[in-house]
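So the sequence shown is numbered by the UniProt record's numbering: it starts at 1 and just counts up by one. Cβ coordinates follow ideal geometry from the N, Cα and C atoms, glycine included. Have a look at the structure below, then the notes.
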Amino acid sequence: METSTMTVALLQRNPAMTPQQFSHHWFTQHAPLVVPMLLHSGIAHYEQARDIPFLPLSALQLCHCKAPHLSPPLPHLPPLAPLALLGPRALLLLDPGLEVSGWDGAAGIVRADADLPKKETPSWVSAYHREVVLVDERRFLVSEAQLHYKRVGPGLVSGERRVVIQDGRCVIAVGDEVWQVWREYEARGREEEQQEHGTEGENREGPADE
């Protein structure tokens, strides 16, 4: 999977949860909830990185080739260093203005149509996001993701990776109950669309002759 277009967001867990509880809920409970919505929205790849490691200061030797602002460059360093090896402390070195301590996970997403303008989200999908996804986010995150996440560049976060969507296909188990709820919202959207079309038809016909 090409990761150069990946959107990566750092997330913080609910402080009432241990890191292990957070990781378990995020992958086993939350990931299945977002799968239908992400697939519908054209997401080709979705992964979670947890237990993000902090590199020791000796990791400076990995950073100089990617961080020209470091001066002077350290001697006897490898000419190239895979950026995937760098952890959050290296992020701080790569961008001195970026504070990365205190983050518990990173979500990575790649859109199948990343080069195209985003389409307007149907109201029923927005309702699913608001009434299902956000409700769960408030359970295991410090707040809704959109209220606290920090976006970073692709390849800057290491850690235990778990892939949820690969090449546009879900690679984890999603329970029937999740799909049932999704189909209920989908049916709601069809009903709303039919009602809108019916109203438009009545408006075109005009008032009936008396």
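Quick check on R138: buried or exposed, where buried means 16 or more other Cβ atoms within 10 Å of its Cβ? exposed
Compute the Euclidean distance between the alpha carbons of F27 and N14, then round it to the nearest angstrom. 15 angstroms
Closest by CA to F22, which one among A114, T5, A173, A106? A106
Compute the Euclidean distance between the alpha carbons of L10 and R161, then round it to the nearest angstrom. When rounded, the distance between both Cα atoms is 13 angstroms.
I'd like to check one pair, D104 with residue 251: are the Cβ atoms closer than 8 angstroms? A query on residue 251 cannot be resolved here, the shown segment of the chain reaching from 1 to 210 and no further.
Just grab the DSSP bridge partners of Y46 for me. I109, I165
List the endpoints of the continuous beta strand (DSSP E) containing A31. Segment 31-40 is the alpha helix (DSSP H) holding A31; no beta strand (DSSP E) there.
Is there a C-beta anywhere in chain B that falls below 8 angstroms from the one on G155? Going by chain labels, chain B is absent from the structure shown, which holds only one protein chain.
DSSP state of A16 mapped onto helix, strand, coil: A16 sits in coil when the DSSP states are folded into three classes, being neither helix nor strand.
With C-beta atoms as the reference, is G108 less than 8 angstroms away from M6? yes
List the residues that DSSP assigns as beta-bridge partners of L10. A106, K150
Contact check, R111 vs G155, beta carbons under 8 angstroms: For R111 and G155, no; Cβs fall outside 8 angstroms.
Could you tell me the alpha carbon to alpha carbon distance between E191 and W124, rounded to whole angstroms? 10 angstroms
DSSP on E196, reduced to helix/strand/coil? helix
So, for V34: in the same chain, excluding its five sequence neighbours on each side, which residues have a beta-carbon less than 7 angstroms away from its beta-carbon? The residues V133, in chain order, have a CB closer than 7 angstroms to that of V34 in the same chain once the five nearest residues on each side in sequence are set aside.
Taking all protein chains shown into account, decide if S158 is buried (16 or more other Cβ within 10 angstroms of its Cβ) or exposed. buried
Can you have a look at A173 and say buried or exposed, based on whether 16 or more other CB atoms are within 10 angstroms of its CB? With fewer than 16 other Cβ atoms within 10 Å, it is exposed.
Can you look up L134 in the DSSP assignment and give me helix, strand or coil? helix
Candidates D51, V8, H40: which alpha carbon is nearest C170's? Comparing Cα-Cα distances from C170 to each of D51, V8, H40, the minimum goes to H40.
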